[in-house]
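Trainee: Throughout, the numbering used here is defined as the position within the sequence shown, counted from one, plus 3. Where is the CB? At the ideal position from N, CA and C, for every residue including glycine. Here the structure is a predicted model, which is why all the values come from computation and not from measurement.
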Amino acid sequence: MGINNERDIEANMQIGPTDLGMVRIFIEADGVEIPMDFDPEEADEIAEEIKAAAIAARAVKRP
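(1) What does DSSP give as the partner residue(s) for Val26 in the beta ladder?
(2) Suppose you measure from the CA of Ala14 to the CA of Asp22; what does that come to, to the nearest Å?
(3) Can you give the Cα-Cα distance for Ile30 and Ile37, rounded to whole angstroms?
(4) Is it buried or exposed for Val26, if we count other Cβ within 10 angstroms and need 16 for buried?
(5) Residues in its own chain within less than 7 Å of Gly19 by CB, not counting five upstream and five downstream?
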């Protein structure tokens, strides 16, 4: 499966700080829980990548 393949899966995502000073992205779908912890610098890089992707997505011409 690639980034352009659509799937009909519902998931919940939570993002927040942990008590250990990490940033956690927590995904839950179909009974599977995926906690992903990042140090603040990594979280900043991820945020920048998300922002860049949003800018690129706005530039895509839609039918």
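Mentor: Taking the definition as stated:
(1) Pro20 and Phe41
(2) 24 Å
(3) 5 Å
(4) buried
(5) Arg27
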